[in-house]
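For reference, the structure discussed in these notes is given below.
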Amino acid sequence: MVRQPERNLSKVSDVFDVRLKAAATAVQAHFDKILPTRPALPVIKGMSYAVGGGKRLRAFLVLESARLHSVDPQQAIWPAAAIEAMHAYSLVHDDLPCMDDDDLRRGLPTLHVRWNEATAVLVGDALQSLAFECVTHPECGSAEIRVELARSLAIASGVQGMVLGQALDIAAETAELPLSLDEITALQVNKTGALIQWSCEAGAIMAMADNRALRQFAQALGLAFQIADDILDVEGDASKAGKRVGKDDAAGKATFVSHLGLDGAKKRARELVQAACDALDGYGSEAQTLREAARFVLSRDS
Numbered sequence: 003m004v005r006q007p008e009r010n011l012s013k014v015s016d017v018f019d020v021r022l023k024a025a026a027t028a029v030q031a032h033f034d035k036i037l038p039t040r041p042a043l044p045v046i047k048g049m050s051y052a053v054g055g056g057k058r059l060r061a062f063l064v065l066e067s068a069r070l071h072s073v074d075p076q077q078a079i080w081p082a083a084a085i086e087a088m089h090a091y092s093l094v095h096d097d098l099p100c101m102d103d104d105d106l107r108r109g110l111p112t113l114h115v116r117w118n119e120a121t122a123v124l125v126g127d128a129l130q131s132l133a134f135e136c137v138t139h140p141e142c143g144s145a146e147i148r149v150e151l152a153r154s155l156a157i158a159s160g161v162q163g164m165v166l167g168q169a170l171d172i173a174a175e176t177a178e179l180p181l182s183l184d185e186i187t188a189l190q191v192n193k194t195g196a197l198i199q200w201s202c203e204a205g206a207i208m209a210m211a212d213n214r215a216l217r218q219f220a221q222a223l224g225l226a227f228q229i230a231d232d233i234l235d236v237e238g239d240a241s242k243a244g245k246r247v248g249k250d251d252a253a254g255k256a257t258f259v260s261h262l263g264l265d266g267a268k269k270r271a272r273e274l275v276q277a278a279c280d281a282l283d284g285y286g287s288e289a290q291t292l293r294e295a296a297r298f299v300l301s302r303d304s
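The sequence shown maps to residues 3 to 304 in my numbering.
Put into structure tokens, the structure is as follows:
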């Protein structure tokens, strides 16, 4: 095993940028084919609205992990669309007044602001269902593969994963004491990390291959992603981020930045990105684009 040399962790290549944009284009084209257009109700329009835009990093991770295991792109596009539908559902519900109460997402009015709360709830429900429809599509592979994709996605998105993280986040708002660093880490491993981990492991699942290295990569990547998000909330520009910034500090919310300080949080994010890159050593140069994805986490502005 030859360890890849450490590089500038804030720099990503043009190849990564091209592949990220290609993944976003491919997923949007797939949504254009599979999303309903009739009847002309707000819930139907809202589904397309919710999945529009964004960098589609999770879909990219699915497609890259699939490429790493020689999985046909026409097979991989289904779970790639699934994770974007699941992610979009989580954002729609997360933005609701009863949750984070946000009015801006990806530079546009959040769905409940654009329509109403009832429509936002239904759109989220519909997108979650669409995610499972995608991972159980015959083109995803054998029955065994489809069952494992659906089972693992249910765990990642449910009360053992993302939903648990969101519940812990809500509970923290009424807690007498701010969360400790360990508690914040546990919260974010579920809220943000679970879907990122599923995205990274999907290719191995489709190839029925060992997913341990990709799991280690994903766990470090997911935590780095959230720390970068906390940093963005402090240093970011709302016009670039496409959402409100500075809201964590205004709410007195405990974050990685509030515990570690801005410089400490940046240092921890760099360490995690290096750990993510190191986890891919066994794949050699074939995993270079995934390493670029980890570095991208440090350089993103939205």
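Glycine included, every Cβ here is placed at the ideal spot set by N, Cα and C. Small disclaimer: the values here were computed from a predicted structure and weren't measured.
Residue i in three-state terms, based on DSSP
i      : result
LEU106 : strand
PRO140 : helix
PRO38  : coil
PRO99  : coil
ARG5   : In this prediction, ARG5 has a pLDDT of 42, which is less than 50 and means its spatial position is unreliable; what the coordinates show is noted afterwards. Of the three classes helix, strand and coil, the one that applies to ARG5 here is coil, per DSSP.
HIS32  : helix
LYS23  : helix
GLY284 : helix
SER154 : helix
GLY54  : coil
SER15  : coil
LEU124 : helix
Alpha helix (DSSP H) segment containing residue i, residue limits
i      : result
PRO81  : 75–96
LEU43  : Where LEU43 is concerned, there is no enclosing alpha helix (DSSP H), given that its DSSP letter is neither H nor E.
GLY263 : 258–281
ARG293 : 290–301
HIS114 : 113–116
SER67  : 59–70
Nearest-angstrom beta carbon gap, residue j and residue i [assumed within contact, 8 Å]
i      : j      : result
GLU288 : LEU70  : 6 Å
ASP171 : LEU189 : 6 Å
ALA271 : LEU300 : 6 Å
PHE1   : ASP283 : A query on residue 1 cannot be resolved here, the shown segment of the chain reaching from 3 to 304 and no further.
THR291 : GLU66  : 6 Å
LYS193 : GLN162 : Wrong, their Cβ atoms sit about 12 Å apart, outside the cutoff.
LEU225 : LEU274 : 5 Å
VAL64  : SER201 : 5 Å
LEU98  : ALA122 : 6 Å
CYS142 : GLN77  : 6 Å
*Assess, as a yes-or-no matter, whether the region 218–237 is touched by the region 270–282 under the definition of 3 or more beta carbon pairs within less than 8 Å.*
With a cut-off of 8 Å, the region 218–237 and the region 270–282 count as touching, because enough Cβ pairs lie within range.
_Measuring CB atoms only, is the region 118–127 touching the region 144–155, in the sense that at least three cross pairs come out at less than 8 Å?_
Segments in contact, no.
*Touching or not, the region 70–89 and the region 103–116, by the rule of three or more beta carbon pairs under 8 Å?*
No, the region 70–89 is not in contact with the region 103–116.
_Ranges of the beta strand (DSSP E) found wholly within the region 158–226, counting only runs of at least 3_ = Within the region 158–226, no complete beta strand (DSSP E) run reaches 3 residues.
*Contact between the region 16–29 and the region 44–61: three or more CB pairs below 8 Å?*
These segments touch.
*Given 8 Å, three or more beta-carbon pairs between the region 33–53 and the region 112–121*: Flag = yes, the region 33–53 and the region 112–121 touch.
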